[in-house]
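Residue 1 is where the sequence shown starts when you use my numbering, and the numbers rise one by one after that.
Written out below as structure tokens is the structure these notes cover.
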Amino acid sequence: MRSGPSANALNRSRALISEASRLVCLTGAGISAESGIPTFREAKTGLWARFNPEDLASEAGFRRDPLQVWQWYRGRYQSVLRAEPNLGHVALADLQDRNKNLQILTQNVDNLHERAGSKSVRHLHGEIVRCHCLACGKPWSSNMDIWESPQPPDCSCGGLFRPSVTWFGELLDADVWQQCLWAALACDVMLVVGTSGLVAPAAELPFLASDRGAAVVDVNPEETDISRMATQWLPGSASKILPKIVLG
Ligand code: OAD
């Protein structure tokens, strides 16, 4: 981990954010890391360093072994329920309270932004609390918490319910993607927090915003393609940096 950002870099970022008229924030797994939810690509601790995404995060993997996939997401759901939003999530919720134009676009499926108080969040990669039928697409609508079931429940059509998260090889929800794309193309400042920027198309959003003239502020302890392109890279953790640049 590198040394933290300079006072100048923090001041400049705070000014960009407070003066933005169309502010967008794109978040990734890093913002939830300090809530105890593992990221995906960090060496040793990342989920994809320990588990095979082809087995666990693809339709083919689910068709091969639905029980294994269900149980893996059930464990993740349970750890998300145990987790609490951290100061990074809270800082963004406070900012959205003061700046109703702030649009939060997240790749995370954990709903910690909402639990911190954010009212409007667009979910690029779905939400782990939701499930739908693999065969007919019907959403799970019973009052029963579907994750109480130790195996994927059967749909009335004969298919199996699966988590409503985007798997490898799947397209993003078209409406959500359109809304995120428009937000990125229209913003004058994009704050990016805790993403490696390795998963398209979400990773394209900061570059599209920048191409249209927006300033990009990136909060990430590690250097990435986004931090190299950003107007301002703030090396550090979300829970320490965000309160400094969005409050006061
Ligand atoms: P990654 O695991 O690829 O990247 C997490 C990023 O967070 C890394 O760049 C870390 O350096 C950074 N990071 C770690 N701790 C941090 C902290 N405390 N504060 C700020 N940043 C921190 O996660 P994503 O970029 O979100 O897809 O991954 C994108 C998608 O790949 C995920 O949405 C997921 C995965 O496959 C689906 O679930 C569909």
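Positions of the beta carbon are idealized from the N, C-alpha and C atoms, including for glycine.
Under 8 angstroms between C-beta atoms of residue i and residue j
i, j, result
"V176", "R122", "yes"
"L191", "N99", "no"
"L134", "F62", "yes"
"T27", "G194", "yes"
"G30", "N220", "yes"
"A214", "V189", "yes"
Proximal residues to residue i (C-beta, below 6 angstroms), its chain only, five neighbours per side dropped
i, result
"A33", "T39"
"G197", "A203, T224, D225, I226"
"S239", "E34, N86, L87, G88"
"W147", "R74, Y77"
"L242", "G88, A91"
"C157", "A135, C136"
"A170", "Before going on, a small fix: residue 170 reads as Glu here, not Ala. If we look at E170 and ignore the five residues flanking it on each side, it has no Cβ neighbours."
"Q179", "R122"
"A116", "P85, H89, V90, A93"
"W140", "C131, I146, F161"
Whole-number beta carbon distance between residue j and residue i, since they are thought to touch under 8 angstroms
i, j, result
"A249", "Q232", "Outside the shown range of the chain (1 to 248) lies residue 249, about which nothing can therefore be said."
"L124", "Q107", "5 angstroms"
"L205", "A184", "4 angstroms"
"V217", "I17", "7 angstroms"
"A83", "L112", "7 angstroms"
"P235", "P5", "6 angstroms"
Candidates the options, of which the one nearest residue i by Cα
i, options, result
"E59", "A200, L160, M229, V199", "L160"
"E19", "E54, R41, N101", "N101"
"L56", "R74, T27, K44", "R74"
"V165", "A15, E222, V69, S13", "V69"
"S120", "Q96, S6, R50, G137", "Q96"
"F168", "R50, D65, P201", "P201"
"D154", "L172, H132, N11, D173", "H132"
"A209", "F51, R228, L181, E222", "L181"
"L67", "A43, C25, S149, A49", "S149"
Within-8 angstroms CB hit, residue i to chain D
i, result
"C136", "Checking the listed chains, one finds no chain D in this structure; it contains a single protein chain."
Cβ-based neighbour list, residue i, same chain, cut-off 7 angstroms, excluding 5 preceding and 5 following
i, result
"I128", "Y73, R76, Y77, V80, V109, D110, P163, V165"
"M144", "none"
"G126", "V109, S164, V165, T166"
"S237", "E34, P221"
Close Cβ partners of residue i (< 8 angstroms) along its chain, the five nearest in sequence each way excluded
i, result
"E114", "V121"
"S118", "H89, L92, A93, Q96, I104"
"S3", "P235"
"R12", "Q232"
"S21", "N101, D188"
"F51", "W72"
Any non-hydrogen atom of ligand 2 within 7 angstroms of residue i CB
i, result
"Q107", "For the structure depicted, ligand 2 is absent and the ligand set comprises only ligand 1."
* **Contact between the stretch 235-247 and the stretch 88-104 (3+ Cβ pairs under 8 angstroms)** => yes
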